[in-house]
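Heads up, the thing below is written out as structure tokens.
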Amino acid sequence: MNVFPIGHYSGLRPGDEPVHVVRVGWHQHRLSEDAFGVWVLAHGMTQTGKGRWTTAEVAELAQQAGLGQPDNHLDELLALGALALVPDESAEAIDFARKHRMDVLFVGLGNTAERPDEHAVGVPGLGTAAVLDPDCYELWQWGSVAPTLWHSCEVRATVTAELGQTLEPVDALAEILGDLRFLVAHGCAYLDVVG
Numbered sequence: 559m560n561v562f563p564i565g566h567y568s569g570l571r572p573g574d575e576p577v578h579v580v581r582v583g584w585h586q587h588r589l590s591e592d593a594f595g596v597w598v599l600a601h602g603m604t605q606t607g608k609g610r611w612t613t614a615e616v617a618e619l620a621q622q623a624g625l626g627q628p629d630n631h632l633d634e635l636l637a638l639g640a641l642a643l644v645p646d647e648s649a650e651a652i653d654f655a656r657k658h659r660m661d662v663l664f665v666g667l668g669n670t671a672e673r674p675d676e677h678a679v680g681v682p683g684l685g686t687a688a689v690l691d692p693d694c695y696e697l698w699q700w701g702s703v704a705p706t707l708w709h710s711c712e713v714r715a716t717v718t719a720e721l722g723q724t725l726e727p728v729d730a731l732a733e734i735l736g737d738l739r740f741l742v743a744h745g746c747a748y749l750d751v752v753g
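In the numbering used here, the protein residues as written are 559 to 753.
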């Protein structure tokens, strides 16, 4: 089962016990240092590419990093809605896609003559955060306009059909989730709840 972080990081609040704030929808959740570390690890590793990322991998890395009680923090984050588990099973994955949306971070830096089919995303003057393939770039470019991830799946299926290939939205969902994994792991996008 894939794990995805939900929410946008709002910063560190200093104090006797500093907390990290993650905004999910209209709610701001205050996370301890260890819980925040687990949330960050849920973004995945860039080496994973578009592959699966699981809670077992998050827990293992959390233990290696010295974060206390990673399983408890995973449960806490799931209860807050700051993490989502997305099964490979279609009905539950569709439900996830209908209840979540994507928003982008960074700006497009364009392509080059050497990489005409790849598009850089990052910060002008500071550098590239990631180089995206055409499908990933399409999701990055237009995904934040779609009200839900499911709408992005429907659009991808429609565009593919117009190109003479058959693709149902549920089939596009697996591709979208892979592209989303890549974007989230590279810090180019984040997920939030709808509404």
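All residues carry an ideal CB built from backbone N, CA and C; glycine is no exception.
- When Cβ pairs closer than 8 angstroms are counted between the two stretches, the segment 560–571 is seen to touch the segment 636–649, the count reaching three or more.
- In the three-state DSSP reduction, Q586 falls in the strand class (E or B).
- For the pair W700 and A651, the Cα-to-Cα distance works out to about 21 angstroms.
- Within the segment 588–646, the runs of alpha helix (DSSP H) at least 4 residues long that lie entirely inside it are, in chain order, 591–599, 613–622, 628–638.
- For G736, the enclosing alpha helix (DSSP H) covers residues 727–743.
- Assigned with DSSP and collapsed to three states, F654 falls in helix.
- Excluding its 5 nearest sequence neighbours in each direction, A687 has C-beta neighbours in its own chain below 7 angstroms: F664, V679, G680, H744, G745, C746, listed in chain order.
- S710 and L738 have their C-alpha atoms roughly 11 angstroms apart.
- In the structure shown, R581 adopts extended strand secondary structure according to DSSP, grouped into three states.
- From the listed residues R659, T718, L684, the smallest Cα separation to W698 is found for R659.
- Taking C-alpha positions only, E726 is separated from C694 by approximately 18 angstroms.
- In this model, Q586 and D729 are separated by some 34 angstroms (Cα to Cα).
- Spatial neighbours of L570 in its own chain (CB-CB distance under 8 angstroms, excluding positions within 5 residues in sequence) are listed in chain order as P576, V577, H578, V579.
- P628 counts as buried, since at least 16 other C-beta atoms from the protein chains shown sit within 10 angstroms of its C-beta.
- For V679, the enclosing beta strand (DSSP E) stretches over residues 677–681.
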